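S.K.: Have a look at the structure that comes next, please.
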Amino acid sequence: VLCSMLSYGQKITFHKNSNYKADVLKQNLNKAGDSLLLESKTEEIIKIAIFNENYSTSIDVGSYKTKIDLKTLPLGNFIIQAKLNQKWIVMYLEKYDELKDLASLDKKKNDTSKITASHQDLNNKDNQSTTTNYNTFKVPQKMDAYYYWVVTESNSSFGSNRTMRLEYKEDIAKLIYKAKLELKSDIAKNNKLFIYEVYNKSKFMSKQLRNPDYYKSEESTLFNVEPIYESVN
105 VLCSMLSYGQ KITFHKNSNY KADVLKQNLN KAGDSLLLES KTEEIIKIAI
155 FNENYSTSID VGSYKTKIDL KTLPLGNFII QAKLNQKWIV MYLEKYDELK
205 DLASLDKKKN DTSKITASHQ DLNNKDNQST TTNYNTFKVP QKMDAYYYWV
255 VTESNSSFGS NRTMRLEYKE DIAKLIYKAK LELKSDIAKN NKLFIYEVYN
305 KSKFMSKQLR NPDYYKSEES TLFNVEPIYE SVN
């Protein structure tokens, strides 16, 4: 297990695959702890996939060594898969804010102290009336949330990569606007954007995490297999 402290209290804990079958792949963080270094002397690294329930990205490598920048990776727990020829090597990574975790722990301690004090105070008022009037609040009904699976393919002379993530309905218009602008530019004119409407978030993500190409299914009751938007030059 490798740990590294980043700026602003962010911390990365990397769990390398220690199985003997994974010995073919050297797995380390760099000295700064903000990048993942992968190297194989015998097998070419085909691609790298990094994902969790809310985020997914796929990077085409095509070489024996690669460096993955982790600075822009959001906070969370991630599965990392490296494909070498016909084998997948699975690793794990945790990126979290240590300062927020400490603040949360302090808050829990303070809340516990307040609860204990309140409990003691109530025990000292046994002679008071127990018919206290309470303010009544209605629990709001669960609001419908609309989710979309967004697939972005970046293609240039330097290579290509695919990023996949879950987005809210409110963010879709901005993504489409950006894609239309990119199609007019020389640098990003070959980029592609696919947006799929998701009907069941939890079940869809469960299948998508097991199979990064699940969104390409021809039939599904969990999402609309026909993209609601597709930008291809």
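Numbered according to the working numbering, the sequence shown terminates at residue 337, and the numbering increases by one at each position without gaps. Heads up, the beta-carbon is just placed ideally off N, CA and C, and yes, glycines get one too. Quick caveat: nothing in here was measured; it's all calculated off a predicted structure.
1. Per the DSSP calculation, Ile291 is bridged to which residue(s)?
2. From the DSSP output, in three-state form, read off Lys145 for me.
3. Ala153 and Pro316 - do their beta-carbons sit closer together than 7 Å?
4. Apart from the five residues on each side of it in sequence, which residues of its chain come closer than 6 Å, Cβ to Cβ, to Phe182?
5. From the DSSP output, in three-state form, read off Glu334 for me.
6. Can you tell me the Cβ-Cβ gap for Leu142 and Thr176, rounded? I've got them flagged as a contact below 8 Å.
7. Quick one: which unbroken alpha helix (DSSP H) runs of 4-plus residues sit fully inside the region 258–309? Chain order, please.
8. Hey, would you say Glu286 sits closer than 7 Å to Asn295, going by beta carbons?
9. Identify, in the order they occur along the chain, each residue of the same chain with its Cβ nearer than 6 Å to the Cβ of Ile193, setting aside the five sequence neighbours on each side.
10. Comparing C-alpha positions only, which one of Ile163, Lys305, Ile332, Val329 sits nearest to Phe262?
11. Quick one: residues in its chain with C-beta nearer than 6 Å to the C-beta of Ala283, no 5 flanking neighbours on either side, listed in chain order?
12. So if DSSP puts Tyr159 in a beta bridge, which residue, or which two residues, is it bridged to?
13. Ile280 to Lys288, Cα distance in whole Å?
14. Using 7 Å as the limit for Cβ to Cβ distance, is Lys320 near chain C?
15. Just the Cα atoms here: how many angstroms apart are Ile116 and Gly137?
16. Apart from the five residues on each side of it in sequence, which residues of its chain come closer than 8 Å, Cβ to Cβ, to Gln114?
M.R.: Considering the structure as presented:
1. Indexing the sequence shown from 1 puts residue 291 at position 187. In DSSP, Ile291 forms no bridge with anything.
2. Counted from its first residue, the sequence shown places residue 145 at position 41. In the structure shown, Lys145 sits in coil (DSSP, three-state: anything other than H, G, I, E or B).
3. Here residue 316 corresponds to residue number 212 of the sequence shown, with the count starting at 1. Here residue 153 corresponds to residue number 49 of the sequence shown, with the count starting at 1. Yes, they are a contact pair.
4. Numbered from its first residue, the sequence shown carries residue 182 at position 78. For Phe182, where only same-chain residues beyond five positions count, the Cβ hits under 6 Å are Ile154, Asn156, Leu197.
5. Position 230 of the sequence shown, counting from 1, holds the residue named residue 334. If DSSP states are grouped into helix, strand and coil, Glu334 belongs with the strands.
6. Numbered from 1 along the sequence shown, position 38 holds the residue referred to as residue 142. Numbered from 1 along the sequence shown, position 72 holds the residue referred to as residue 176. The pair is not a contact, with the Cβ atoms about 18 Å apart (cut-off 8 Å).
7. 273–287
8. Here residue 286 corresponds to residue number 182 of the sequence shown, with the count starting at 1. Here residue 295 corresponds to residue number 191 of the sequence shown, with the count starting at 1. Yes; because the gap between Cβ atoms is below 7 Å, this pair is in contact.
9. Within the sequence shown, numbered from 1, the residue matching residue 193 stands at position 89. Hits under 6 Å: Asn121, Ala126, Leu129, Ala186.
10. As a position in the sequence shown, residue 262 is number 158, starting the count at 1. Measuring from the Cα of Phe262, the nearest candidate turns out to be Ile163.
11. Numbered from its first residue, the sequence shown carries residue 283 at position 179. These residues qualify, in order along the chain: Leu297, Ser335.
12. Sequence index remark: in the sequence shown, residue 159 carries index 55 (1-based). Beta-bridge pairing links Tyr159 to Arg269.
13. Locating residue 280 in the sequence shown gives position 176, counting from the first residue. Locating residue 288 in the sequence shown gives position 184, counting from the first residue. Approximately 13 Å between the Cα atoms of the pair.
14. Looking for chain C here will not work: only one protein chain is present.
15. For the purposes of this step, residue 116 is taken as the residue at position 12 of the sequence shown. For the purposes of this step, residue 137 is taken as the residue at position 33 of the sequence shown. Answer to the nearest angstrom: the Cα atoms are 7 Å apart.
16. Stepping through the sequence shown from its first residue, residue 114 is reached at position 10. Excluding sequence positions up to five before and after Gln114, its CB lies within less than 8 Å of the CB of Leu179, Lys199, Tyr200, Asp201, Glu202, all in the same chain and listed in chain order.
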